[in-house]
Structure formats: structure tokens, C-alpha cells
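Numbering (the working numbering), first residue to last: 70 to 376. The beta carbon of each residue, even a glycine, is placed where N, CA and C say it ideally should be. Here the structure is a predicted model, which is why all the values come from computation and not from measurement. I have placed the structure first, in the form of C-alpha cells, so that the comments after it can refer back to it.
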Ligand code: CUA
């Protein structure tokens with residue numbers, strides 16, 4: 070996560086402002102450090118010598134160093150902030166791709182209203198198109214932040230905040246929740262994958278073409294999905310499962326990580342996540358589910374996990 074390596078116009082405006090403040094702050098710091106060292110090392114004049122001149126000098130130091138210089142610095146930084154703010158669009162521009170991002174303790178629900186796709190913890194974006202992220206929360210206040218692409222914005226339970234971003238080039242960026250939201254705040258992470266428009270379309274169609282579960286094992290898994298109560302919190306497209314408390318699992322096998330980037334998405338990790346999520350992410354809402362190895366095999370087959 071590096072906000073000084075901007076990959077889009079919004080992040081660039083913020084990074085430029087940061088550098089300006091850094092340069093000004095450093096210059097003022099060095100200047101005053103120099104004066105401090107000079108004051109400490111030089112010999113004090115005799116008190117009776119040139120008293121009026123000294124008074125005059127003290128007044129000038131206060132005027133220049135204490136009033137004029139801070140005023141100039143503050144005015145310059147304020148003006149630069151206004152310029153940077155103008156570069157950050159507040160409303161979705163025409164042709165923007167709208168994506169809803171909903172914060173949960175402690176993961177991200179991602180909805181693409183144009184295509185109806187719902188996924189979690191992995192945000193795919195095309196390059197060269199403005200993105201309007203409609204941010205909200207299902208529980209407490211979270212804060213959305215992809216430093217490489219733009220500034221932070223709160224995800225609130227009772228209103229929608231719009232964050233407009235654009236990505237210049239393909240790449241992968243990390244994002245972390247930036248508002249303390251509970252025990253696993255530090256592990257509320259999001260993988261942001263920026264792709265060329267054609268790669269993005271390919272990804273979208275892969276996400277939408279989900280095969281029906283086939284075979285006895287998968288059908289057995291379907292029964293477990295209902296009887297073990299997975300269905301109460303998780304959705305599976307086309308399977309009549311529409312829980313919304315936990316991530317939509319339709320495209321789970323295609324995701325790179327589990328538990329909002331807590332670990333790599335492998336069958337072994339998925340099994341340890343299902344049987345004891347608390348050992349991976351203490352304080353997570355998902356309860357542990359005691360299943361035998363055969364039952365886990367069936368459940369994974371139903372979820373489309375290849376082994
Ligand atoms: Cu969500 Cu911190």
C-alpha cells in the first residue's frame with residue numbers, strides 16, 4: 070500500500086499535495102533548526118549594548134518568522150488543497166462504471182449493478198474508465214481506501230457516499246479498511262485488480278458463467294449447505310440460496326484469497342476456514358461448523374472447488 074506511487078488521477082492529485090506539504094514542512098523545519106543552533110552557540114551580547122537596536126531586531130524576527138512566514142505557508146497549502154479538491158470529482162461522471170461496495174465486519178461485498186454480479190473481497194476494475202464507487206455499510210462505520218488509486222472515504226450505515234476513481238494502468242493494489250471497526254479491523258482487506266477493458270470483460274463473463282453442480286457428491290454437498298445452515302448467511306446464484314450476512318459464494322473458487330485476504334484460497338485453507346474460522350480470524354461472525362472429511366469433500370464439490 071503506497072499512496073506515493075499513484076496509479077490514477079485522484080491519487081496523483083493527493084500525492085502532489087503531499088509532496089508540496091512535505092517540501093514546505095522540511096524547509097521550515099531546517100530553517101528553524103539552523104536558527105536554533107545559531108542561537109544556542111553564539112555569544113550573548115552585553116545587556117547594556119545597543120538596547121533599542123536589539124528590541125527592533127526581536128520585533129522583526131517575530132514579524133517575519135512568527136507572522137509572515139506561517140501566513141505564506143498556510144495560504145500556499147490552502148490554495149494547493151483547493152486545487153487538489155477540484156481535481157477530485159464528487160459526482161459520477163457520464164459513462165462511469167457504477168459499483169456498489171458494502172462494508173461488513175470484516176469483509177467487502179461488491180455488486181456490479183450493470184451486470185447483476187455480486188462478489189466479495191476482490192474488486193476488479195477496467196482501466197481508462199471513471200469508476201463511481203457507491204459506498205455504504207451493513208453494520209458499523211468502515212472506511213474505504215485504495216492508496217494507489219485515491220483518497221479515503223467513510224462507509225456509513227445510513228447513507229451512500231460516492232467515491233470517484235480512475236485507474237491508468239493494469240495492476241494489483243491492496244486496500245485496507247481505514248476506520249477502526251472491531252476486532253478484525255486490521256484484517257478487513259480488499260484485493261483491487263485493475264485490468265484492460267477486454268480482460269475485465271473476460272473476467273466478468275467468467276464470473277457469470279457458473280456451471281450447475283454435477284454428480285452425487287455435489288448433490289450431497291447441496292443438502293449439507295442447507296442442513297449445516299450455510300444457507301442462512303451465504304448466497305449461491307441459481308441455487309435458491311440468498312443469505313446476505315456473509316459473502317456470496319457463487320464465484321468462490323475463482324477468488325484468490327479467503328477471509329478478506331486472510332489466507333490464500335486453497336482447498337486445505339477453505340476446510341480450516343469452514344471448520345474453525347475463529348482460529349484464523351478471531352472475532353469473526355462466521356461460526357465454526359463441525360463436519361466430517363467426507364462431508365467437507367461433498368461441500369467443496371458443491372461449491373465448485375477443484376482438487
Ligand atoms: Cu472495517 Cu475497519
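Worksheet item: Taking C-beta to C-beta, are residue 310 and residue 257 nearer than 7 Å?
Response: For residue 310 and residue 257, no; Cβs fall outside 7 Å.
Item to complete: Could you check if residue 179 is buried or exposed, using at least 16 other CB atoms within 10 Å of its CB as the buried criterion?
Response: Around the beta carbon of residue 179, 16 or more other beta carbons sit within 10 angstroms, so the residue counts as buried.
Fill in: Test item: CB-CB of residue 235 and residue 351 under 7 Å
No.
Practice prompt. Could you check how far apart the C-beta atoms of residue 197 and residue 239 are, in whole angstroms? I think they sit under 8 Å.
Written response: With 8 Å as the limit, residue 197 and residue 239 do not qualify as a contact, their Cβ atoms being about 10 Å apart.
Worksheet item: Rounded to a whole number of angstroms, what is the C-alpha to C-alpha distance between residue 108 and residue 102?
Response: Between residue 108 and residue 102, the alpha-carbon positions lie close to 10 Å from each other.
Discussion item. Tell me the rounded alpha-carbon separation between residue 99 and residue 106.
Written reply: In this structure, the CA atom of residue 99 is about 11 Å from the CA atom of residue 106.
Worksheet item: Which class does residue 271 belong to by DSSP, given the choice of helix, strand or coil?
Response: Reduced to three states, the DSSP call for residue 271 is helix.
Worksheet item: Quick one: is the Cβ of residue 257 within less than 6 Å of any heavy atom of the ligand CUA?
Response: Yes, the Cβ of residue 257 comes within 6 Å of a heavy atom of the ligand CUA.
Item to complete: Measure the alpha-carbon distance for residue 131 versus residue 150 and round it to whole angstroms.
Response: Each residue's Cα considered, the two are about 27 Å apart.
Worksheet item: Can we count residue 248 as close to the ligand CUA, meaning its CB is less than 6 Å from some heavy atom?
Response: At least one heavy atom of the ligand CUA is nearer than 6 Å to the Cβ of residue 248, so yes.
Practice prompt. Report buried or exposed for residue 357, applying the criterion of at least 16 other Cβ atoms within 10 angstroms of its Cβ.
Written response: Classification for residue 357: exposed.
Worksheet item: With respect to 6 Å, is the separation between the Cβ of residue 13 and the closest non-hydrogen atom of the ligand CUA below this value?
Response: Residue numbering for the chain in the displayed model covers 70 to 376; residue 13 lies beyond these limits and cannot be assessed.
Worksheet item: Thinking C-alpha only, which one of 209, 185, 201 is nearest residue 230?
Response: When 209, 185, 201 are compared, the shortest CA-CA separation from residue 230 is found for 201.
Item to complete: Please state whether DSSP places residue 234 in a helix, a strand or coil.
Response: DSSP, reduced to helix, strand and coil, places residue 234 within a strand of the structure shown.
Worksheet item: With 16 other CB atoms within 10 Å as the buried threshold, where does residue 175 fall?
Response: Its Cβ being crowded by 16 or more others within 10 Å, residue 175 is buried.
Worksheet item: So, is residue 160 buried or exposed, given that buried needs 16 or more other C-beta atoms within 10 angstroms?
Response: With fewer than 16 Cβ atoms within 10 Å of its Cβ, residue 160 is classed as exposed.
Worksheet entry | Those runs of the beta strand (DSSP E) which lie wholly inside the region 250 to 333 and span at least 3 residues | Counting whole runs of 3 or more residues, the region 250 to 333 contains the beta strand (DSSP E) stretches 258 to 264.
Discussion item. Quick check: residue 222 and residue 205, are their CB atoms within less than 7 Å of each other?
Written reply: Result no, Cβ atoms of residue 222 and residue 205 do not sit closer than 7 Å.
Discussion item. Among the candidates 237, 260, 233, whose CA atom is the shortest distance from the CA of residue 246?
Written reply: It is 260 whose Cα lies nearest to the Cα of residue 246.
Worksheet item: What's the gap between the Cα of residue 294 and the Cα of residue 368?
Response: Distance between the alpha carbons of residue 294 and residue 368: 7 Å.
Practice prompt. Report yes if the C-beta of residue 254 is less than 6 Å from at least one heavy atom of the ligand CUA; otherwise report no.
Written response: Within 6 Å of the C-beta of residue 254 there is at least one heavy atom belonging to the ligand CUA.
Fill in: Closer than 6 Å: residue 211 CB and nearest the ligand CUA heavy atom
Closer than 6 Å to some heavy atom of the ligand CUA: that describes the Cβ of residue 211.
Discussion item. I'd like the list of long-range same chain contacts for residue 97, defined as Cβ closer than 8 Å, with 5 residues on each side in sequence excluded.
Written reply: In the same chain as residue 97, and ignoring 5 residues on each side of it, the C-beta atoms closer than 8 Å to its own belong to 138, 142, in chain order.
Item to complete: Give me the Cα-Cα distance between residue 192 and residue 276, rounded to the nearest whole angstrom.
Response: About 12 Å.
Discussion item. Taking 7 Å as the threshold (C-beta atoms), are residue 302 and residue 314 in contact?
Written reply: Yes. Within cutoff.
Item to complete: Measure the alpha-carbon distance for residue 165 versus residue 272 and round it to whole angstroms.
Response: If I take the Cα positions, the gap works out to 18 Å.
Item to complete: Please report the Cβ distance between residue 282 and residue 371, rounded to the nearest whole angstrom; I am assuming they are in contact, meaning their Cβ atoms lie under 8 Å.
Response: In this structure residue 282 touches residue 371 by the C-beta definition: roughly 5 Å separates them, less than 8 Å.
Item to complete: Kindly indicate the opening and closing residues of the beta strand (DSSP E) around residue 209.
Response: Membership of residue 209 in any beta strand (DSSP E) is not indicated, and neither H nor E is assigned to it by DSSP.
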